[in-house]
Every structure is written in structure tokens, then in C-alpha cells.
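Notes to accompany the following structure.
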Amino acid sequence: MLLQVHDELVFETPKYEMESLKELVFDEMPGAMNLDVILKVDAKWGPTWGDME
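Residue numbers (this note's numbering): 20 to 72.
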């Protein structure tokens, strides 16, 4: 993980690990805290951070 900003996590990973990283984040993120609301998880990827906008 490179960065955590408010409700956002930024990772840098090789292409061949992207799918397994996405699965890990989608599995772990919703249970990271005990909340009374559902925590929605979304993912975007690209060659640069600017391509995510």
C-alpha cells in the first residue's frame, strides 16, 4: 500500500498480482471495522494515478 487518503487506499502492484490484490481488499475491507452500515468497496486500476480520474 502506497497511500491512504480519507476513504481511499492506493496500491502499487505488478499486473500479474492485481486480481489477487483486488480479491484480498474486497474480502478484508468490509470487515475492517464493526459498523452499523455496509461498507461499499470499489476498485480502479491503470498505468498511472492520473488515469484513475
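Glycine residues also receive a C-beta, built at the ideal position from the N, C-alpha and C atoms.
Determine the direct distance from the alpha carbon of residue j to that of residue i, and round the result to whole angstroms.
i	j	result
E31	L54	28 Å
F45	A51	11 Å
D70	W64	8 Å
M20	I57	23 Å
For a cutoff of 8 Å on Cβ pairs, would you count residue i as touching chain B?
i	result
L40	Note that chain B does not occur in the displayed structure, where there is just one protein chain.
Assuming residue i and residue j make a contact with CB atoms under 8 Å, what is their CB distance in whole Å?
i	j	result
M48	V29	Incorrect: roughly 14 Å between the Cβ atoms, too far for contact.
K41	A62	5 Å
For the alpha helix (DSSP H) holding residue i, just list the boundary residues, first then last.
i	result
V44	37-47
The beta strand (DSSP E) spanning residue i covers which residue range?
i	result
E27	27-29
L22	22-24
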